[in-house]
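Asks: Just dropping this structure here.
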Amino acid sequence: MDSNTLYNVWCENAKEDKDLIEELAAIKGNEDEIYERFYKNLEFGTAGLRGVIGAGTNRMNIYVVRQATQGLANYVNNIGGGAVAISHDSRIKADLFMNEAAKVLAANGIKAYITSELQPTPVLSFLVRHFGCKAGIMVTASHNPAKYNGYKAYGSDGCQMTDNAAGAVYDEIQKIDMFTGVKTMDFDKAVEEGLIEYVNDDVYTEYLANVKEQQVNEGLCADSGLKVVYTPLNGTGNKLVRRVLKEIGINDVTVVPEQEMPDGNFTTCPYPNPEIKEALQLGLDMCEKVKPDLLLATDPDADRVGIAVPDNGTYRLITGNETGIMLTNYLLSVRKEKGTLPKNPIVVRTIVTSLLIDEICKKYNCELKKVLTGFKYIGEVILRLEEKNEKERFVFGFEESYGYLAGTYVRDKDAVVASMLICEMAAYYRKQGKTLANVIDEIYKEYGYYRNTTLSFEFDGASGMKKMKEIMDNLRENPLKTVNGETVKKIYDYLKSEEKDVATGEITPIDLPKSNVLHFCLGGNAVIIRPSGTEPKIKLYITSIGKTEEESVEIGNKIADDVKAQLGLN
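Residues in the sequence shown are numbered from 193 upward in steps of one, following the working numbering.
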């Protein structure tokens, strides 16, 4: 159907949400607005669904959620049936979407375990494994702006769905008319019949017990005097992060009041992403008053954490790579010193994460595994180890976008355990008279200054998606030959699964799943270009290595300017 026909179908059938009724009426006769909402369906993939909240097939609403859940229910029943765990964060309509999904599952004879209040994404991963579920659903748009919501789908291992499973669910979704092909039942009746069950609070205590098992220096924090400012950015981290910090002995925690309680409008941080300074500004302002050792900020679904630390009279923002570098170094060095480092330890990073991790792993004789962007690939490494009864070998996994995991109790990034370990690390070095700014600078002094810069370029709407495709297609036909005067030596095309030596033309296969990523290697320096899988963005990841910070910054800026000019992104 064309957009206008679909619009008319929705006007006739979308009668259960007054917000949708009002929106459909408001855009009557507006061809551009109708087209934006109906020119395509939100695509279900390994990251599930994500889109702007509103009316239409290209928006997040109860009908799109029901259709996706019917597809998931068909998939679960096709593989023998079983239960599904569901949770949600603080986003607008997130609790409604969770309940609608539960009603669809119940109508299909599938038990749904749901949370009585918002919970972090890693808790959902834990619930899937705890209850032996066949799948999981987390209603969240992570750190996107307030107008977005999403639907992350998980497999029975607690990882986000694999390509094969997501493809099977997508195939089922394609067969379903969202108005006439979805089964649903009364929520209260489903609860009464045991098809919907609320998760008991004891389960969250068990989750936290697993988090606390990841301490390297148990008891260290209690007398450390560590002072923390924390902001959950109006999301899910507030209760569990504060609880775990208190339980390990950190009592001096000041919470940013404007960002303490759940609020899907995110009025104080329009882009609730701990990667950007604007989201942390109220926390930084609080730091000037409280003078803490550490600022912690978790994103709305508490799977990412950002930090700032005192440095020369002000507070220095620490990048996701730098936090991961320090945690890797801390975990490997202290566990080796204490004799708790496993035999043949493993650290996992994504292909766009700092190359400095490689050097730290070499120092501690730790195996490093590199995976595609997406924490599910780190989860898959854990799963493979578990299948060989070697999961204790996993020490740490992280991606540059502020996602970290120690332990194997969940299979997704976890800002709760990361917050705990960051505080423990800060307390450890505080007892030595060091700040975390001192620590990262000492690491750079030892290994060299590795600067990792991520640049994002937004491409909204139908025209934006077309432009993104054109950029990537053109790069494959006409790849970068030089960048900032340096000759491109190797090209890694993860969609073609091949590594090309530019000088010789030799092609070497890449043994990783296919992904729309291009990596241009200049020697030590590098440029990686990747369209986001969850947002309408193209991201550039630039590695620049220098003997000093100033040299590395200068090299990185020149590389960025050249690549932007060549791609027309200025």
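The C-beta atom is built at its ideal place from N, Cα and C for all residues, glycine as well.
From a predicted model like this one, the values you see are computed outputs, not experimental measurements.
Under a Cβ-count criterion, where at least 16 other Cβ atoms within 10 Å of its own Cβ denotes burial, should Pro449 be classed as buried or exposed?
Replies: exposed
Asks: With a 10 Å radius around its C-beta and 16 neighbouring C-beta atoms as the bar for buried, classify Asn644 as buried or exposed.
Replies: buried
Asks: Between which two residues does the alpha helix (DSSP H) carrying Lys404 extend?
Replies: 393-404
Asks: Going by C-alpha to C-alpha distance, which of Tyr396, Ala752, Ala286 sits closest to Pro454?
Replies: Ala286
Asks: Taking only three categories from DSSP, how would you classify Ile329?
Replies: strand
Asks: Considering only residues of the same chain and omitting the five flanking positions on each side of Ile538, which have a CB-CB separation below 8 Å?
Replies: The residues are Cys558, Glu559, Leu560, Lys561, Val573, Leu577, Arg585, Phe586, Val587.
Asks: If we count the other Cβ atoms within 10 Å of its Cβ and call it buried at 16 or more, is Arg668 buried or exposed?
Replies: exposed
Asks: What are the start and end residues of each continuous beta strand (DSSP E) run of 3 or more residues lying completely inside the segment 674-753, in chain order?
Replies: 682-685, 690-693, 699-701, 710-713, 718-723, 729-738
Asks: If I follow the unbroken alpha helix (DSSP H) through Leu519, where does it start and stop?
Replies: 512-530 is the span of the alpha helix (DSSP H), which, as asked, contains Leu519.
Asks: How many Å lie between Ala360 and Ile517 at the Cα?
Replies: 37 Å
Asks: Sorted by chain position, which residues of the same chain lie with C-beta nearer than 7 Å to Glu368's C-beta, five sequence neighbours on each side aside?
Replies: Note on residue identity: the sequence assigns Ile, not Glu, to residue 368. Within the same chain, Ile368 has close Cβ partners Gln259, Gln262, Gly263, Val374.
Asks: I'd like to know if Val680 contacts chain C, where contact means its C-beta is closer than 8 Å to some C-beta of that chain.
Replies: Of the protein chains in the structure, only one exists, and it is not chain C.
Asks: Counting only the same chain and skipping the five closest in sequence on each side, list residues whose C-beta sits under 6 Å from that of Met330.
Replies: Ser279, Thr313, Leu316, Lys344
Asks: Can you check DSSP and say which residues form a bridge with Thr645?
Replies: Ile734.
Asks: Secondary structure at Asn465, three-state DSSP: helix, strand or coil?
Replies: Shown here, Asn465 sits in coil according to DSSP, grouped into three states, outside any helix or strand.
Asks: Kindly indicate the opening and closing residues of the alpha helix (DSSP H) around Pro314.
Replies: Its alpha helix (DSSP H) spans residues 313-322.
Asks: In the DSSP output, which residue or residues are listed as bridge partners for Tyr346?
Replies: Gly328, Gln352
Asks: Taking the alpha carbon of Lys706 as the point to measure from, which residue in Val719, Leu613, Lys688, Arg251 has its own alpha carbon closest?
Replies: Among Val719, Leu613, Lys688, Arg251, the Cα nearest to that of Lys706 is on Lys688.
Asks: Note down, in chain order, each residue of its chain lying with its Cβ closer than 8 Å to the Cβ of Val745, except the 5 sequence neighbours on either side.
Replies: Arg643, Ser736, Gly738
Asks: Given that a residue counts as buried once 16 or more other Cβ atoms are within 10 Å of its Cβ, and exposed if not, what is Lys326?
Replies: The residue in question, Lys326, is buried, as its Cβ has 16 or more Cβ neighbours within 10 Å.
Asks: Pro466 and Gly498 - do their beta-carbons sit closer together than 8 Å?
Replies: yes
Asks: Can you tell which of Ser195, Cys615, Tyr601 has the C-alpha that lies nearest to the C-alpha of Tyr396?
Replies: Per the Cα distances, Tyr601.
Asks: So Tyr340 packs on Gly243, CB below 8 Å; how close in whole Å?
Replies: 7 Å
Asks: Taking the C-alpha atoms as reference points, what is the distance between Leu647 and Ile751?
Replies: 12 Å
Asks: Is Val448 helix, strand or coil when you go by DSSP?
Replies: coil
Asks: When burial is assigned at 16 or more other CB atoms within 10 Å of the CB, is Glu292 buried or exposed?
Replies: buried
Asks: Would Ala265 and Leu288 be called neighbours here (beta carbons separated by less than 8 Å)?
Replies: no
Asks: Tell whether a beta-carbon distance below 8 Å holds between Leu310 and Asn253.
Replies: no
Asks: For the candidate residues Lys438, Lys469, Thr520, His322, whose alpha-carbon lies nearest to that of Arg603?
Replies: His322
Asks: Would you be able to state if there are at least three C-beta pairs under 8 Å between the segment 410-426 and the segment 438-448?
Replies: yes
Asks: Just to confirm the assignment, what range does the beta strand (DSSP E) spanning Phe586 have?
Replies: 586-591
Asks: Exposed or buried, which one is Ala382 when buried takes at least 16 other CB atoms within 10 Å?
Replies: Buried, since its Cβ has 16 or more Cβ neighbours within 10 Å.
Asks: Distance check for Thr565 and Asp503, CA to CA, integer angstroms please.
Replies: Near 31 Å, if we compare the C-alpha coordinates of Thr565 and Asp503.
Asks: Which residues in the same chain as Glu452 place their Cβ atom closer than 7 Å to its Cβ, once the five residues preceding and following it in sequence are excluded?
Replies: Pro424, Asn430
Asks: With Leu761 and Phe651 assumed to form a contact (beta carbons below 8 Å), what rounded beta-carbon distance in angstroms separates them?
Replies: 10 Å between Cβ atoms; not a contact.
Asks: For Phe567 and Glu582, which I take to be in contact (beta-carbon distance under 8 Å), what is that distance rounded to the nearest angstrom?
Replies: Phe567 to Glu582, Cβ: 20 Å. No contact.
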